[in-house]
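K.L.:
For reference, the structure I am asking about is given below.
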Amino acid sequence: MMNVRTESDIEYADADGVRLALDLYVPATDGPAPVVLYLHGGGWQVGDKRDGATERLERLASYGVAVASANYRFATQATYPAQVHDVKAAVRWLRANGAQHGLAVGKVGAWGASAGAYLASMAGLTARNAELEGSVGDHLDQPSHVDAVVHWFGQSDLLANSRRTWLEKEILNPPFEGPLLGLGEVAENPAAARAASPLTWVGADAPPFLIAHGDRDRVTPASESLALHDALVRAGAESTMILLGGAGHEGEEFDRPDHLRLTAAFLLSHLGGTA
Numbered sequence: 001m002m003n004v005r006t007e008s009d010i011e012y013a014d015a016d017g018v019r020l021a022l023d024l025y026v027p028a029t030d031g032p033a034p035v036v037l038y039l040h041g042g043g044w045q046v047g048d049k050r051d052g053a054t055e056r057l058e059r060l061a062s063y064g065v066a067v068a069s070a071n072y073r074f075a076t077q078a079t080y081p082a083q084v085h086d087v088k089a090a091v092r093w094l095r096a097n098g099a100q101h102g103l104a105v106g107k108v109g110a111w112g113a114s115a116g117a118y119l120a121s122m123a124g125l126t127a128r129n130a131e132l133e134g135s136v137g138d139h140l141d142q143p144s145h146v147d148a149v150v151h152w153f154g155q156s157d158l159l160a161n162s163r164r165t166w167l168e169k170e171i172l173n174p175p176f177e178g179p180l181l182g183l184g185e186v187a188e189n190p191a192a193a194r195a196a197s198p199l200t201w202v203g204a205d206a207p208p209f210l211i212a213h214g215d216r217d218r219v220t221p222a223s224e225s226l227a228l229h230d231a232l233v234r235a236g237a238e239s240t241m242i243l244l245g246g247a248g249h250e251g252e253e254f255d256r257p258d259h260l261r262l263t264a265a266f267l268l269s270h271l272g273g274t275a
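The following block contains the structure:
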């Protein structure tokens with residue numbers, strides 16, 4: 001494990017008066033460190049870039065991958081695709097400014113948990129899509145694609161929760177996808193929900209994915225991640241699926257050293273660098 005240097009609250013963009021900032025966790029490597037953009041969970045309504053700072057972000061950085069943990073606009077501030085625009089702005093900022101912070105930015109990864117995993121996946125799957133590129137930030141000359149995606153217990157089909165069985169409705173938490181799209185329920189506009197779903201954007205040109213989900217998740221069922229993995233494999237893209245036995249949504253199993261080491265190894269293999 002390596003020592004980790006932290007840089008906090010760096011503004012990467014202003015989006016319609018909303019200040020967007022990120023924190024950096026940079027390992028003490030011999031040269032520039034490969035970097036992954038981390039996106040927190042919270043149903044696109046709550047959460048912060050500091051969530052999991054010690055047990056998750058610093059620990060992963062100690063295995064040789066720098067982490068840039070970014071805030072993004074909530075659905076209460078702006079509806080989809082604003083959040084995707086923010087994420088792509090953060091990637092562009094990293095490419096424009098990362099070198100002066102000790103980062104190797106030739107390749108950039110995206111990693112997210114829950115709602116953040118959805119955003120990381122959308123960043124990975126919608127490269128070079130003009131509508132989803134947005135114009136947030138000052139570095140529109142920089143590319144916004146990402147070169148590897150880590151998806152932890154996120155959504156892949158925004159309509160999935162509208163198709164719950166009566167039993168699932170009894171045991172699972174209420175769905176929260178509607179507000180992201182400015183709707184009460186996603187079933188009000190199935191076409192919009194499909195257009196905003198990662199599954200819709202899967203193609204052979206997708207970057208490598210590492211997908212992890214708990215089999216006891218009562219917020220976002222593991223079937224969402226399994227569907228994403230299957231779609232990627234069918235398309236000819238690279239995907240690895242890990243189903244964590246006994247793990248719930250945001251379960252402690254995800255932050256155990258062995259799982260974080262595996263996550264870091266995946267990122268190092270695709271972004272460059274050594275642990």
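Note that UniProt numbering has the sequence shown beginning at 1, numbered continuously upward.
Note that CB positions come from ideal geometry on N, CA and C, so glycine has one too.
Predicted model, so just to flag it, every value in this text is computed and none were measured.
Rounded to the nearest angstrom, what separates residue 97 and residue 237 at their Cα positions?
P.N.:
If I take the Cα positions, the gap works out to 30 Å.
K.L.:
Below 8 Å, can you find three or more Cβ-Cβ pairs linking the region 88–106 to the region 185–199?
P.N.:
Judged by Cβ distances under 8 Å, the region 88–106 makes no contact with the region 185–199, as fewer than three pairs qualify.
K.L.:
Is DSSP giving residue 240 helix, strand or coil here?
P.N.:
The answer is strand: DSSP assigns residue 240 an E or B state.
K.L.:
Report the three-state DSSP secondary structure of residue 254 (helix, strand or coil).
P.N.:
Residue 254: helix per DSSP, three-state reduction.
K.L.:
Could you have a look at residue 8 and say whether DSSP puts it in helix, strand or coil?
P.N.:
Strand.
K.L.:
What separation, rounded to the nearest whole angstrom, lies between the Cα atoms of residue 6 and residue 159?
P.N.:
Using only the alpha carbons, I get a separation of about 39 Å.
K.L.:
In its own chain, which residues sit with a C-beta less than 6 Å from the C-beta of residue 251, not counting the 5 before and 5 after it?
P.N.:
Cβ within range, chain order: 214.
K.L.:
Checking the sheet assignment: what are the DSSP bridge partners for residue 26?
P.N.:
Partner(s): 5.
K.L.:
Excluding sequence positions up to five away, which residues of its chain have a Cβ less than 6 Å from the Cβ of residue 162?
P.N.:
Closer than 6 Å at the Cβ level, and outside the excluded window around residue 162, lie 186 and 187.
K.L.:
Within the same chain, show all residues whose beta-carbon is closer than 7 Å to that of residue 58, passing over the 5 residues directly before and after it, in chain order.
P.N.:
Excluding positions up to five away in sequence, the list reads 4 and 25.
K.L.:
Could you give the distance in angstroms between the alpha-carbon of residue 27 and the alpha-carbon of residue 189?
P.N.:
Their backbone Cα atoms lie some 45 Å apart in a straight line.
K.L.:
In three-state DSSP terms, what is residue 277?
P.N.:
It is not possible to answer for residue 277, since the shown part of the chain is limited to 1 through 275.
K.L.:
Output needed for residue 260: all residues of its chain with C-beta closer than 6 Å, excluding positions within five of it in sequence on either side, in chain order.
P.N.:
59 and 60.
K.L.:
What does the alpha-carbon distance come out to for the pair residue 265 and residue 153?
P.N.:
Approximately 19 Å, taken between the alpha carbons.
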